[in-house]
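Report on the structure given below.
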Amino acid sequence: MNIHPVTKSRWEDLVQLFQAHGNPNYCWCMTWRMPGRAFRNCSSQNRQKALKQNVQDNIPIGLIGYIQKKPIGWCSIAPRETYARLERSRTIPRIDDKNTWAITCFFISPEYQQKGMSLKLLKEAVNYACSKGAEVVEGYPVKPKEVDGKINYKVSYRFMGYLSTFRKAGFKDMTPQNNQRKIMRYHCTD
């Protein structure tokens with residue numbers, strides 16, 4: 072898989088990936104970038120415009136993965152302060168004042184899921200953020216739920232990634248005591 076930051080010249084590739092699938096085409100990865108009320112009151116079309124405006128303004132939004140020039144994967148990675156809702160979150164609090172980049176979403180085309188693509192995107196997201204001056208890269212993964220002894224990958228917030236993927240990429244659990252949401256961190260200087 073070839074992985075690149077989303078830029079003005081790659082915007083249409085992201086549109087192609089998102090429009091081919093349901094949920095990304097709905098939220099346009101703006102859930103954490105907009106305050107809750109603004110997100111709820113905004114149409115999918117306006118969310119798309121808001122994300123595109125970030126790209127136009129050269130604000131990092133994430134990485135796109137390709138197989139044979141076809142966009143098949145997405146990872147939202149950006150400076151934490153560009154995620155307005157995340158910055159206000161009580162369940163995912165800011166731990167310190169370090170220059171932190173946040174990973175809030177993964178999307179892999181169904182035909183490429185469960186083939187290690189998320190791990191590849193995650194590792195490249197770390198490299199990207201660290202190269203842009205991040206001190207810390209954070210993620211907020213979930214643990215897949217089991218149903219009748221089998222892992223059910225179709226869980227709420229699954230787009231934020233899985234705990235096992237973050238561990239494989241060298242992230243450490245830095246979740247504050249009594250916090251229900253996991254906060255995994257990778258220190259760029261380690």
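Using our numbering, the letters of the sequence shown map in sequence onto residues 72 to 261.
In this text, a Cβ means the ideal position worked out from N, Cα and C, and glycines have one as well.
Just so you know, these numbers come straight off a predicted model, no measurement behind them.
- In the three-state DSSP reduction, Trp103 falls in the coil class, being neither helix nor strand.
- Boundaries of the alpha helix (DSSP H) around Asn117: 115-127.
- DSSP places Arg252 outside both helix and strand once states are collapsed to three, so it counts as coil.
- Secondary structure note for Glu158: its alpha helix (DSSP H) is the uninterrupted segment 155-159.
- Per the C-alpha coordinates, the member of Gly232, Thr175, Thr171, Lys191 positioned closest to Lys203 is Thr171.
- If you look at Thr236, you'll find it in the alpha helix (DSSP H) that goes 234-239.
- When rounded, the separation of the alpha-carbon atoms in Lys239 and Gly210 is 13 Å.
- Out of Trp82, Pro76, Pro164, the CA that lies nearest to the CA of Gln119 is found in Trp82.
- For Ala149, DSSP records a beta bridge to Ala173.
- By the criterion of at least three beta-carbon pairs nearer than 8 Å, the region 176-186 is not in contact with the region 111-130.
- When the alpha-carbon of Asp128 is set against those of Asn112, Thr78, Asn94, the nearest one is in Thr78.
- Between the C-alpha atoms of Gly144 and Tyr257 there is a straight-line separation of about 21 Å.
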